[in-house]
Amino acid sequence: MTSPPVQLISLGSLSANLLWNEQHAVRTGHATCSSILQDDTITLVNPGLPPAAMASRLHERTGQMPDRVQRVFLTSVDADHARGLEAFPNATWLAFPPELDAARERAESERDAAVEHGDQEHAESLARHLSALEQIVPTEDGPAPNVDLFPSVGVTPGCCGLLLPHEGRTILIAGDAVASEAHLLAGQILPCPDRELAQSSFTEAVEIADVIVCGRDGMIPSPGRVPESAGPGHTLPNL
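Next up, the structure:
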């Protein structure tokens with residue numbers, strides 16, 4: 017048996033975990049970062065730590081420097097998943113088109129509102145954010161050979177995981193569609209405006225994968241179905 021092509025680089029964390037009865041942010045959230053190594057080609061997924069920390073963790077876990085990373089794929093383009101992008105200026109940054117489109121639309125709307133209300137500092141910050149989004153390339157193809165996109169929309173408008181085979185098994189890098197082992201066993205999704213769609217994506221991910229790299233946890237075996245004791249999932253009120 018050979019080692020799977022997916023390696024964990026850093027474990028993620030939620031800023032507030034409702035399963036721990038945390039109602040407000042108590043820490044800085046960041047996504048689990050993983051790497052896919054194929055034929056001496058490195059694809060990094062969700063560099064959620066700051067650039068210096070991301071470069072350090074990559075070297076600690078793989079012995080590689082940031083300039084060896086050819087591609088970076090984001091299951092979501094929010095800061096928790098993309099905070100460390102600048103550590104990889106030579107890589108191609110990739111994301112699923114609906115995720116990019118929604119992020120641009122939201123940032124443009126917020127920028128226009130900031131300008132209208134005379135909040136120049138916030139408007140400039142959003143302009144920088146839009147500039148960063150322009151550097152991310154939309155893709156409907158997998159970022160590497162034998163790696164397929166696995167759209168899991170709901171938690172975000174274009175959340176998209178990566179699906180790859182290994183020795184007859186299927187590995188899914190799920191992003192926040194499956195946040196953690198505890199969330200999986202409880203049948204819980206993260207707070208989001210479209211609970212029904214997110215719950216459907218969650219169920220599909222659990223059913224199709226043999227192994228799941230969670231969005232804020234490690235690499236875990238999939239039970240193959242959502243546990244019968246699963247609760248109704250979390251939603252954000254008034255959205």
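If you use the numbering used here, the sequence shown corresponds to residues 17 to 255, in order.
From the three backbone atoms N, C-alpha and C, an ideal C-beta is built for every residue, glycine too.
Quick caveat, the model's predicted, so the values are computed rather than measured.
Can you list, in chain order, the residues of its chain with a C-beta nearer than 7 Å to that of residue i? Leave out the 5 residues immediately preceding and following it.
i: LEU201; result: PRO243
i: ILE58; result: SER51, GLN80, ARG84, VAL85 and GLN86
i: ALA32; result: GLU38, GLN39, HIS40, ALA41 and VAL42
i: CYS230; result: THR48, ALA190, VAL194, ALA195, SER196, GLU197 and ILE236
i: ASN254; result: Because the pLDDT at ASN254 is just 32, under 50, the model does not fix this residue reliably, and the point stays unresolved.
Among residues of its own chain, excluding the 5 on either side of residue i, which ones have a beta-carbon nearer than 6 Å to its beta-carbon?
i: PHE104; result: PRO82, VAL85 and VAL88
i: PRO154; result: PRO113 and LEU116
i: ARG77; result: ILE25
Rounded to the nearest angstrom, what separates residue i and residue j at their Cα positions?
i: GLY170; j: GLY45; result: 19 Å
i: LEU34; j: CYS208; result: 13 Å
i: GLN39; j: GLN54; result: 41 Å
i: GLU121; j: ALA139; result: 14 Å
i: THR5; j: ILE152; result: Residue 5 is absent from the model: the chain starts at 17 and stops at 255.
i: GLY158; j: GLY134; result: 42 Å
i: GLY247; j: ARG185; result: Note that GLY247 scores a pLDDT of 49, beneath 50, so its modelled location is shaky; the value from the coordinates is reported in the next line. Going from the Cα of GLY247 to the Cα of ARG185 covers about 28 Å.
i: GLY249; j: VAL131; result: Unreliable placement is indicated for GLY249, whose pLDDT of 48 sits below 50; the coordinate value is still reported in the next sentence. Cα to Cα, GLY249 sits roughly 37 Å from VAL131.
i: ASP164; j: GLY203; result: 25 Å
i: SER168; j: TRP36; result: 25 Å
i: ASP263; j: ASP56; result: The question about residue 263 has no answer, for the chain in this structure spans 17 to 255.
i: LEU101; j: PRO67; result: 7 Å
i: GLU150; j: LEU110; result: 11 Å
i: GLY240; j: LEU30; result: 25 Å
Since residue i is in the alpha helix (DSSP H), which residue starts that stretch and which ends it?
i: PHE70; result: The amino acid at residue 70 is misidentified as Phe; the sequence shows Met. Looking at the DSSP string, the run of the alpha helix (DSSP H) that includes MET70 is 67-78.
i: LEU200; result: 197-202
i: PHE218; result: 211-224
i: ASP96; result: 95-98
Mind checking who residue i pairs with in its DSSP beta bridge?
i: HIS182; result: ARG185
i: HIS46; result: SER29
i: SER51; result: GLN23 and LEU60
i: PHE104; result: Looking at the DSSP assignment, PHE104 forms no beta bridge with any residue, so it has no partner.
i: GLY134; result: Note: GLY134 sits in no beta bridge, so no partner.
i: TRP109; result: VAL88
i: VAL242; result: According to DSSP, VAL242 bridges with nothing at all.
Please work out which residues of its chain come closer than 8 Å, Cβ to Cβ, to residue i, disregarding the five sequence neighbours upstream and downstream, and give them in chain order.
i: ASN162; result: GLN54, LEU180 and PRO181
i: LEU252; result: With a pLDDT of 38 at LEU252, under the threshold of 50, the predicted position of this residue should be treated as unreliable, though the coordinate-derived value follows. PRO207, CYS208 and PRO209.
i: SER216; result: GLY170
Can you give me the start and stop residues for the beta strand (DSSP E) that residue i sits inside?
i: ARG87; result: 85-90
i: VAL227; result: 227-230
i: ILE236; result: 235-237
i: ASP192; result: Careful: ASP192 lies outside any beta strand (DSSP E) and carries neither H nor E.
i: LEU165; result: 164-167
Does the pairing of the segment 144-151 with the segment 174-182 give three or more beta-carbon distances under 8 Å? Contact between the segment 144-151 and the segment 174-182 is absent, because fewer than three Cβ pairs lie under 8 Å.
Specify whether the segment 92-100 and the segment 56-72 touch according to this definition: at least 3 beta carbon pairs, one from each stretch, less than 8 Å apart. Result yes; three or more Cβ-Cβ pairs closer than 8 Å.
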